[in-house]
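J.: Pasting in a structure now, in C-alpha cells, and then I'll have a few things to ask.
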Amino acid sequence: KTGSAYYAPSLAAVEMAEAILKDKKKILPCAVYLEGEYGINNLFVGVPVKLGKNGVEQIIEISLTNEERVALHKSAAAVQELVSILGI
C-alpha cells in the first residue's frame, strides 16, 4: 500500500531525527514519560516537546480548555488501564 498511513509515520520519524541531529530545538508531538506534567504521572503520553541534540529537551505544557483537559485525562486513563491489564 502507498497511502498516508505509510508516509505520515515515516515523515514524522525523519522530522524527529532531523530535529535531534541538527539541534533544531523543534516543537513536535512525541510520546514522553510524564511526571506531573498536565496532571499526569508515571505514564507515556503524546504531548508537545522541544527536540534538540539531547533528545527531549523540554515538555511543553500548553493551556488546555476544560474539555481538552478532560479528553487528555480520559485518554491517559485508557492507556493506564491497558498497561495494568498487560501487567507492565
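With positions in the sequence shown counted from 1, the corresponding number in this note's numbering is that position plus 382.
Beta carbons: idealized from backbone N, C-alpha and C, even for Gly.
When we look at the beta-carbon of Ile422 and count the other beta-carbons within 10 Å, is it buried (16 or more) or exposed?
T.: buried
J.: Does the region 394–412 come close enough to the region 445–455 to have 3 or more Cβ pairs within less than 8 Å?
T.: No, they do not touch.
J.: Taking the alpha-carbon of Leu416 as reference, which of Ile402, Ala453, Val438 has the nearest alpha-carbon?
T.: Val438
J.: In angstroms, rounded to a whole number, what distance separates the CA positions of Ile470 and Ala401?
T.: 30 Å
J.: Is it buried or exposed, Val465, if we count other Cβ atoms within 10 angstroms and call 16 or more buried?
T.: exposed
J.: Can you name the start and end residues of the alpha helix (DSSP H) that Lys406 belongs to?
T.: It is not in any alpha helix (DSSP H) - Lys406 carries neither H nor E in the DSSP assignment.
J.: List the residues that DSSP assigns as beta-bridge partners of Val438.
T.: The partner list for Val438 (beta bridge, DSSP) reads Leu433.
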